[in-house]
Every structure is written in C-alpha cells, then in structure tokens.
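First up is the structure itself, then whatever we jot down about it.
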Amino acid sequence: MSGAALSPALVQVLQSGRSQFNARVAEACRAQPGFDTGLLQAFIQGPLDRLASQVAQQDATRLNTVTLAAFEAALTLQLRGKHSLPLVQALWDELLPACLPQLLAEPRATLGMLFNGLLYLHAQAGARPAQWLADLRRLAAHCPDTVSLHALGQVLAWRCGAAHFRASALNVLAGLPAELGAAAFQLSSAQHWPNALPRLQADPWFDPAQPDRTGLRLTQVCGGFSGFAGPFAAPPTARVHGEGFVLHSAGRYSYLCADAFGVALHAGSAEEYAAGSPGTDELTVRNGRLAYGEASCALPLPAEGLQIVCGAQSALLCSPYSHYLHMVALA
8 MSGAALSPAL
18 VQVLQSGRSQ
28 FNARVAEACR
38 AQPGFDTGLL
48 QAFIQGPLDR
58 LASQVAQQDA
68 TRLNTVTLAA
78 FEAALTLQLR
88 GKHSLPLVQA
98 LWDELLPACL
108 PQLLAEPRAT
118 LGMLFNGLLY
128 LHAQAGARPA
138 QWLADLRRLA
148 AHCPDTVSLH
158 ALGQVLAWRC
168 GAAHFRASAL
178 NVLAGLPAEL
188 GAAAFQLSSA
198 QHWPNALPRL
208 QADPWFDPAQ
218 PDRTGLRLTQ
228 VCGGFSGFAG
238 PFAAPPTARV
248 HGEGFVLHSA
258 GRYSYLCADA
268 FGVALHAGSA
278 EEYAAGSPGT
288 DELTVRNGRL
298 AYGEASCALP
308 LPAEGLQIVC
318 GAQSALLCSP
328 YSHYLHMVAL
338 A
C-alpha cells in the first residue's frame, strides 16, 4: 500500500508495518463486504501522508505509533460511513496539526476524543460542530496534555449548542486556567474571568461575550413538524421538570434543556411528564405582550390557547397552532 507520490516518512512506515496494515485492511473487508479500498488509498495519499510528514518533523520516534493509530481511525470512520463528511476532512487537515503535541503523546486517546466529539455534535440537531472544530483549533495550543484538551473540548461542546452538557462543563470549567476559560468564551482578557464564571454558574442565559444582554427576552426557538423533519407530530404541551421541560406530543415524550448557547432535545418519559410541574404564573400576557413583573417583551405566538410554562429562570411558550417552541429568559 504505497504510491509514487507518498512522502519518505509514510513510505518508511508502510514498509516497516506492511503486515499490520494489510491485516487491518483484511479485517475491514471481512467486516464490510464491498469495502472500498480505493477510498482508503485516497486517504493514505492525502491526509495520512500529510500527517506522517508532520509527525516525522516533530518526533520521528512516534511516527509508526501515530500513523498506525490514524490509519485505524480512518478505517473505523469509513466502516461507519463518516469518512466523507466535510467536517471529518477538516478535522484531518486543520484540527489535527493544531493538536500535534497531544497526538504525539497519546494518539489513540486524542483521535478518539476529537472524532467522537465532532461526530456527536454533528448528530445533534441545532449544535454547531464547525464552530467547535474552529474554536478547538484556535485554543489547542493552550492545552499542555490530552486531559486538558478533552476538558476544553467538553466546554466548547456546551458552548456550541450541547445545552445538556451545562452542569458537567461548568464543573470542568472551574478547574481550567483563567486564561483558557476566558479564551473559550472569547473574552479579551483573563481579568474578566473571575466575574464571568460565577455568572455563568448562576444564570443559564448569561453569555460572557454579551454581558449586558439581560432582562426579560425571547431567546431560543426549537421544534418543528415531523412531516418536515421536525421532532413533533402534533403541537407539544410542556411541564417544568428540574432545570428543563418535559414535552408531550402525539403520545411521545421529550426532555428539553436550553441556555444561552443552545437547545438540546432528548427522549423523555410519561413518568417524567406526570412528575413535572405546570410552573408558576409569574409570566403572563398583558396588552398583547409578555409581562414579567414590570418588564415586558414581544409575544411571538397567538395569545389564544397559549400555554406558558414558567420555571425559575426560563419559560417555555407552547401554542396549539405551532409545532415550534419559544424559550424566554426571565432575567
């Protein structure tokens, strides 16, 4: 498995590990009849060749180990049908060079974390995997090891729309250096971080990049009709449950959590819905606007039949005329 265009570094690895590489390909062909070795050859001549050259320049002693780990990752991606995703190609070409120190130290752990994180976000409706990739590329140099890179990846996944990561990401974030925490949220100086972190922990609608955006306001919109690839077959109803909301639509239940960075919708249960609360009556409709105390904001849905489910810091608007849900920040 070599070609005239391959770099000396990769030729060396392929020749010395020929039996290992051939065995991995044979396993892939057995696992998936019709496995396209031509696609694999294109990967070898492209991303793998570039990676091998970069590794050889940094630490030639790690060349065989890193190259084999990358080859095995590529086989797995191809077997899962994910190899041709543009974001996967961008990870090979753009993110991995930025993570070279971590890759040299722990190739399998680093590759696994990066590809699993990217594909997880790619599968989450409303998440922003391209932003995650770009931010991680920008900040990877600030991570001295794989552990800190993994921690940063988790924080950035939350910031890129995985709202259900909020609690665990905040725990991780508290242990990161102030400079890295500030950079993850695009603050110009780490001096602002001691004030920003407590606000992040206390307020799900606080964004350090927009610290003055406060008060009653419409925030996220999610949902849609299942006939157009949305999650709901009928306009949903909701109940408060914990920090989020349990939804019911046409006999199916979902759990929704949201914050300043995104919305996450996952499977829920009838038991959770029954255990939920209708919420408080503090958010109302007054003079055609949403009203909360002395504050008011626009009403995005018809008032007729509107269900307002008001929690401690967030409210959810459900209309019998819409498959979409509107989130409201209360402060």
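Note that this note's numbering gives residue 274 to position 267 of the sequence shown, counting from 1, and the numbers run on in steps of one. Glycine included, each C-beta is placed from N, C-alpha and C at the ideal position. Every value quoted in this text rests on a predicted model; they were computed, and no experiment measured them.
What is the rounded straight-line gap between the Cα of residue i and the Cα of residue j?
i    : j    : result
G230 : A112 : 43 Å
L110 : A148 : 12 Å
A176 : Q52  : 38 Å
A197 : V253 : 38 Å
M8   : S23  : Caution applies to M8, whose pLDDT of 46 falls short of 50 and renders its modelled position unreliable; the value that the coordinates give is listed next. C-alpha separation (whole angstroms): 12 Å.
C264 : A81  : 34 Å
R31  : L92  : 22 Å
C325 : L313 : 6 Å
C167 : P151 : 23 Å
G41  : F28  : 18 Å
A274 : S256 : 12 Å
H330 : P307 : 13 Å
L107 : V62  : 8 Å
F172 : T74  : 32 Å
A319 : V292 : 18 Å
A282 : E289 : 21 Å
W165 : A158 : 11 Å
L46  : L13  : 16 Å
V335 : Y299 : 11 Å
T44  : R246 : 52 Å
D266 : L128 : 16 Å
S26  : S233 : 50 Å
S284 : Y260 : 15 Å
W99  : D219 : 38 Å
L126 : A35  : 21 Å
A185 : P104 : 25 Å
G251 : Y280 : 11 Å
K89  : G286 : 42 Å
Q39  : A130 : 23 Å
F192 : A33  : 45 Å
F235 : G269 : 21 Å
A97  : W139 : 12 Å
F50  : T72  : 18 Å
F78  : D66  : 18 Å
Q64  : S195 : 34 Å
H199 : G249 : 30 Å
I think residue i touches residue j, with their Cβ atoms under 8 Å apart; what is that distance to the nearest whole Å?
i    : j    : result
T221 : A338 : 7 Å
A134 : A169 : 6 Å
L70  : V20  : 6 Å
P316 : A322 : The amino acid at residue 316 is misidentified as Pro; the sequence shows Val. That belief holds up - the Cβ atoms of V316 and A322 are roughly 6 Å apart, short of 8 Å.
T117 : L156 : 7 Å
P136 : L94  : 6 Å
L146 : A190 : 6 Å
L332 : L223 : 17 Å between Cβ atoms; not a contact.
A132 : L272 : 7 Å
F122 : L86  : With a Cβ gap of about 13 Å, F122 and L86 do not count as contacting.
R144 : L102 : 5 Å
G182 : M120 : No, G182 and M120 are not in contact; Cβ-Cβ is about 17 Å, not under 8 Å.
Exposed or buried, what is residue i when buried is set at 16 or more other beta-carbons lying within 10 Å of its beta-carbon?
i    : result
G10  : Unreliable placement is indicated for G10, whose pLDDT of 48 sits below 50; the coordinate value is still reported in the next sentence. G10 should be labelled exposed.
D142 : buried
S276 : exposed
Y262 : buried
G124 : buried
P114 : buried
P238 : buried
T68  : exposed
D56  : buried
A174 : exposed
Y328 : exposed
Taking 8 Å as the CB-CB limit, is residue i close to chain D?
i   : result
S60 : In the displayed structure, chain D is absent; only one protein chain is listed.
Should residue i be listed as close to the ligand MN, given that the test is whether its C-beta is under 7 Å from any heavy atom?
i    : result
P215 : As for the ligand MN, it is missing from this structure, which has no ligand bound.
### Message
Contact between the region 299 to 318 and the region 202 to 214 is defined here as three or more beta-carbon pairs at a separation below 8 Å; is this criterion met?
### Response
no
### Query
Do the region 210 to 217 and the region 234 to 249 touch if we need at least three Cβ pairs shorter than 8 Å?
no
### Query
Which full runs of the beta strand (DSSP E) of 3+ residues lie inside the region 115 to 148, going along the chain?
none
### Task
Can you check the region 34 to 81 for any alpha helix (DSSP H) of at least 4 residues that lies completely inside it and give the ranges in chain order?
44 to 50 and 56 to 65
### Task
Enumerate, from N- to C-terminal direction, the unbroken alpha helix (DSSP H) stretches of 4 or more residues contained entirely within the region 168 to 222.
173 to 181, 185 to 191 and 200 to 209
### Task
Could you name each continuous beta strand (DSSP E) segment of 3 residues or more that falls completely within the region 215 to 274, going from the start of the chain to the end?
224 to 230, 244 to 248, 251 to 256, 259 to 266 and 269 to 274
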